[in-house]
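Worksheet: one structure, shown below.
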Amino acid sequence: MIPIISVTNKEQELGHLVIILSNFSKLPPGVFNAAEKTYLKAQIETLKQEVVSFNRMTHWVYVCFIKEEKDYSRRLESCRKAGDKIAGLLNAQKADRAAIFDAEGEEAVVLALAEGMALGSYQFLKYKSDQESKNTLKEIEIYSHVLEEEENGQALLSRQSAVGSRQLAVTRHVSRVTELNILLNAVSLCRDLINEPNSHLTATVFSKEAEKMAQESGAIVEVLNKQKLSALKMGGLLGVNQGSFEPPAFTVMEWKPVGAVNAKPLVFVGKGVVYDTGGMNLKPGDSMLNMKDDMSGAAAVAAAVYCIAKAKLPVHVVGLMPATDNRPGEKALVSGDIITMHNGMTVEVLNTDAEGRLILADALSYAKKYDPALVIDLATLTGAAVRAIGKFGAIAMQSKAAKELETLKTSGLEVYERLVEFPMWDEYGEQIKSDLADLKNLGPAEAGMITAGKFLEKFTDYPYIHLDIAGPAFLEKRDSYRGQGGTGFGVRLLVDFVRRYGEGKQNV
Ligand code: BES
Ligand code: MN
Ligand code: ZN
Numbered sequence: 000m001i002p003i004i005s006v007t008n009k010e011q012e013l014g015h016l017v018i019i020l021s022n023f024s025k026l027p028p029g030v031f032n033a034a035e036k037t038y039l040k041a042q043i044e045t046l047k048q049e050v051v052s053f054n055r056m057t058h059w060v061y062v063c064f065i066k067e068e069k070d071y072s073r074r075l076e077s078c079r080k081a082g083d084k085i086a087g088l089l090n091a092q093k094a095d096r097a098a099i100f101d102a103e104g105e106e107a108v109v110l111a112l113a114e115g116m117a118l119g120s121y122q123f124l125k126y127k128s129d130q131e132s133k134n135t136l137k138e139i140e141i142y143s144h145v146l147e148e149e150e151n152g153q154a155l156l157s158r159q160s161a162v163g164s165r166q167l168a169v170t171r172h173v174s175r176v177t178e179l180n181i182l183l184n185a186v187s188l189c190r191d192l193i194n195e196p197n198s199h200l201t202a203t204v205f206s207k208e209a210e211k212m213a214q215e216s217g218a219i220v221e222v223l224n225k226q227k228l229s230a231l232k233m234g235g236l237l238g239v240n241q242g243s244f245e246p247p248a249f250t251v252m253e254w255k256p257v258g259a260v261n262a263k264p265l266v267f268v269g270k271g272v273v274y275d276t277g278g279m280n281l282k283p284g285d286s287m288l289n290m291k292d293d294m295s296g297a298a299a300v301a302a303a304v305y306c307i308a309k310a311k312l313p314v315h316v317v318g319l320m321p322a323t324d325n326r327p328g329e330k331a332l333v334s335g336d337i338i339t340m341h342n343g344m345t346v347e348v349l350n351t352d353a354e355g356r357l358i359l360a361d362a363l364s365y366a367k368k369y370d371p372a373l374v375i376d377l378a379t380l381t382g383a384a385v386r387a388i389g390k391f392g393a394i395a396m397q398s399k400a401a402k403e404l405e406t407l408k409t410s411g412l413e414v415y416e417r418l419v420e421f422p423m424w425d426e427y428g429e430q431i432k433s434d435l436a437d438l439k440n441l442g443p444a445e446a447g448m449i450t451a452g453k454f455l456e457k458f459t460d461y462p463y464i465h466l467d468i469a470g471p472a473f474l475e476k477r478d479s480y481r482g483q484g485g486t487g488f489g490v491r492l493l494v495d496f497v498r499r500y501g502e503g504k505q506n507v
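Read in order, the letters of the sequence shown correspond to residues 0 to 507 in numbering that gives the first Met the number 0.
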């Protein structure tokens, strides 16, 4: 569980306090004496500290200095990172609650700080007997600037004067905060799914978890089992599953609110390879490590639809999550095999480790039945993507969706899940033509992330965006609020995009 964010106007009950500051002139008067102010200035200006702590005996006061920055995206990210730092300090001293004092009245900044605190407190300790290291922070209260105006900061010091009920300001915050809690909980669920090892998360278990998330959020869910997939002739998903002793599962989640702003749905497709050994083209050495993360795309899609439904966003969305493991086995695909896909096209499987595109191709072809306004897929698809841009963003490619991708890039900056666009040039498509079948699943050594995207494009006829999230989906080492292990990359991105879509802000 990650901490819950709430709004308060009861300054008498505040515990530990976090004050956000980007300008000394805005330091709330009365909180610090002259000597403390001198100390604070020195710590921040000379020693370049971002967080300065004051021990008030009954509680701590943390001043968090976020320097003013023109680049709004980076400013919000600084807040999230500072939030992670403060959550670390609070958890280290076993605090269970803290309040953020909004000294400057900038809502987005406060929410970003709270977001960093909450996500930074995420842990996956399910299989540890020793719960000593378990984080204690459970509640993050936002104490609004608007509420505080009259008191001019004095209330914080004395903790005696009543603020009075400025209910309006509180309710204004509440809906955004409620939405943020739903979103962060969705990110946490997404991380849980990714961190769960294959021993405990098969394709069937994944579909059961998605069913629970659908039920809780009000989304409709359907799981296509092996028999149904055979009837649908999903040769890609069934082919990859051939080497496994576990059946495949294709989960469909749908949120179709009354009065949705879109006549045609947005469809999200997520790669759900619950473990990627490489199949008969077995992954060598350490390269198989962390391949439980190969369902990060499907986890992000499940969590995003869960969040959109739970927050009741007025947008019709569908999530498609084809899932299987990829293993060598008696019946496993071997190099040179030819399979027939859901759309009838034939594929020569030259490398069984290029399995993601096979299961996604069937899902992309299946997506046509929804007559989608736009399809976005998320997949830990290629090592080439990781080598190209590392873990700091995802690779995006589009066809017939240039404007939509611009909006998605804007969302990427807002939530700091940044996208780098790669081309869909036809020449790359030539490189995956097969002599024996319609396509082959392997291109040349160069630009592997692009030939993979080109492969997927062949199964689409609608506005389409492909996201290769192999880099940012999973972190071996902790990186601030993104944590260690599954990051939940894509959830905040998709939800922000859908929110823009709902508000009619999309460039379409
Ligand atoms: N799941 C992997 C891609 C991957 C690599 C994800 C590293 C996360 C970290 C994918 O199925 C794969 O094995 N891709 C191959 C494709 C190749 C055989 C064309 C790759 O990138 O090596
Ligand atoms: Mn693979
Ligand atoms: Zn894979």
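The beta-carbon is built from N, C-alpha and C at its ideal position, and this holds for glycine as well. The structure displayed is predicted, hence computed values, not measured ones.
Per-residue DSSP class, three states only, for residue i
i      : result
Thr409 : helix
Gly318 : strand
Gly428 : helix
Gln397 : strand
Arg386 : helix
Gly269 : strand
Val494 : helix
Glu12  : helix
Ser187 : helix
Thr381 : coil
Phe205 : helix
Thr45  : helix
Val6   : strand
Glu131 : coil
Ile468 : coil
Val507 : Its pLDDT being 45, under 50, Val507 is placed unreliably in this model, and the value from its coordinates should be taken loosely. Val507 falls in the coil class under three-state DSSP.
Phe488 : coil
Asn180 : helix
Tyr292 : A small fix is needed here, since residue 292 is Asp in this sequence, not Tyr. Helix at Asp292.
Thr323 : strand
Tyr274 : strand
Cross-strand partners of residue i (DSSP beta bridge)
i      : result
Cys63  : Ile19, Val50
Tyr500 : The partner list for Tyr500 (beta bridge, DSSP) is empty, contrary to what the question assumes.
Lys439 : Glu347
Leu223 : Phe249
Thr450 : Partner(s): none; Thr450 has no beta bridge.
Val374 : Val266, Tyr463
Leu332 : In DSSP, Leu332 forms no bridge with anything.
Phe473 : Gly485
Opening and closing residue of the beta strand (DSSP E) in which residue i lies
i      : result
Glu347 : 345-348
Tyr71  : Run containing Tyr71: none in the beta strand (DSSP E); it sits in the alpha helix (DSSP H), 71-91.
Glu140 : 138-142
Thr339 : 336-339
Glu420 : 418-420
For residue i, the first and last residue of its enclosing alpha helix (DSSP H)
i      : result
Phe123 : Neither: Phe123 is in no alpha helix (DSSP H) and is coded neither H nor E.
Ser364 : 355-365
Phe100 : No alpha helix (DSSP H) contains Phe100, which is instead part of the beta strand (DSSP E) from 96-101.
Val239 : 234-240
Tyr305 : 295-309
Tyr38  : 33-40
Beta-carbon proximity of residue i to residue j, cut-off 7 Å
i      : j      : result
Val273 : Leu200 : yes
Gly277 : Asp352 : yes
Ala331 : Gly470 : no
Leu466 : Ala401 : no
Asp83  : Tyr480 : yes
Pro462 : Lys408 : no
Asp370 : Lys263 : yes
Gly489 : Ile464 : no
Phe458 : Asn350 : no
Val109 : Ile141 : yes
Ala98  : Leu46  : no
Ile3   : Ala102 : no
Thr381 : Gly447 : yes
Gly511 : Gly269 : Because the chain spans 0 through 507 in this model, residue 511 falls outside it and cannot be assessed.
Asn90  : Leu136 : yes
Ala511 : Arg73  : Absent from the structure is residue 511, since the part of the chain shown begins at 0 and ends at 507.
Residue i beta carbon near the ligand SAM (any heavy atom closer than 6 Å)
i      : result
Asp467 : As for the ligand SAM, it is missing from this structure, which binds only the ligand BES, the ligand MN and the ligand ZN.
**Q.** Any heavy atom of the ligand ZN nearer than 5 Å to the CB - residues listed
**A.** Val272, Asp275, Asp293, Gly355
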